[in-house]
Amino acid sequence: GSEPDADLLPERRALFRDPIYAWANASVMSHFTEGIVTASTTRHELAAEWEIGWQNIDDDLDHEVLGIYRYHWNRFYRAFAGASLEDERDAAVFGIEALLPLNLDGRAWVDSRGHGRFALAKELALTTRLFAVGEVEYDTDDAWEGSAGLRLRVHRHGSLAFEWHSEFGFGGGVELIY
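The sequence shown begins at 19 in the working numbering and counts up one residue at a time.
Right under this line is the structure:
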């Protein structure tokens, strides 16, 4: 039933503040671009993800943009809801993400058109500056899609990127991290 000292109140408020953090990761390569922009507190997160390709396709561009809200239950599980804007097939999406054994990032969702998607992604440090990256995805509408590549970190905010993508082929470019 005691009250803290009045001089400690400003510090006490600072202890319970939940600041907003923001970061971005974008790869710009010769055959496609992909990335994510995120703003987050401890449990709540807003994110925009994109994948835009121009090599090995019939149209000028093949794009998918995903805007989502995530709720972090803990460090392993997240629920999300948002919108997927994909080549005139726009849909609302609802799903779960999990950090799986072997540090695999897993994502499963269902959209408002009745289609589902399951994806696994992994980044593996080969050396302190060289990373292998890969992703495999199954969509009930588009079937299988995947990518594999290497990232050579040349600066804490940038890497050289080399990647093969199942839709867009081989290419190289830069990855920017902020």
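Every residue, glycine too, gets a C-beta built ideally from N, C-alpha and C.
If one requires a minimum length of 3 residues, the beta strand (DSSP E) runs lying completely within the segment 35-85 are 39-47, 50-58 and 62-71, in chain order.
Here DSSP, grouped into helix, strand and coil, assigns ASP157 to strand. Ranked by Cα distance from GLY167, the options ALA161, GLY187, ILE38 and PRO22 are led by GLY187.
The residue from GLY124, THR51 and ASP77 with its alpha-carbon nearest to that of GLY113 is GLY124. Buried is the label assigned to ALA179, since at least 16 other Cβ atoms lie within 10 Å of its Cβ. Beta-bridge annotation (DSSP): GLU104 is paired with GLU82.
With respect to the C-alpha of LEU103, the residue from ALA116, ARG93, ARG131 and GLU115 having the closest C-alpha is ARG131.
Fewer than three Cβ pairs drawn from the segment 38-45 and the segment 148-157 lie within less than 8 Å of each other, which leaves the two stretches out of contact. If you ignore the 5 residues before and after ALA137, its C-beta comes within less than 6 Å of the C-beta of ARG125 and GLU155, all in its own chain and listed in chain order. Rounded to the nearest angstrom, the Cβ distance from GLU67 to ILE54 is 5 Å, consistent with a contact under 8 Å. In the same chain as GLY100, and ignoring 5 residues on each side of it, the C-beta atoms closer than 7 Å to its own belong to LEU84, GLY85, ILE86, TYR87 and VAL111, in chain order.
Taking every protein chain shown into account, the CB of TRP162 has fewer than 16 other CB atoms within 10 angstroms, so this residue is exposed.
Taking the Cα of LEU117 as reference, the smallest distance to any Cα among ARG171, ALA109, ARG93 and TRP127 is reached at ARG93. Between the alpha carbons of ARG107 and TYR95 lies a gap of roughly 28 Å.
Sequence-distant partners of TYR39 (beyond 5 residues in either direction) whose C-beta falls short of 6 Å from its own C-beta, in its chain, are SER58. Under the three-state reduction of DSSP output, GLU29 falls in the helix class. Secondary structure at LEU120: helix, using DSSP grouped into helix, strand and coil.
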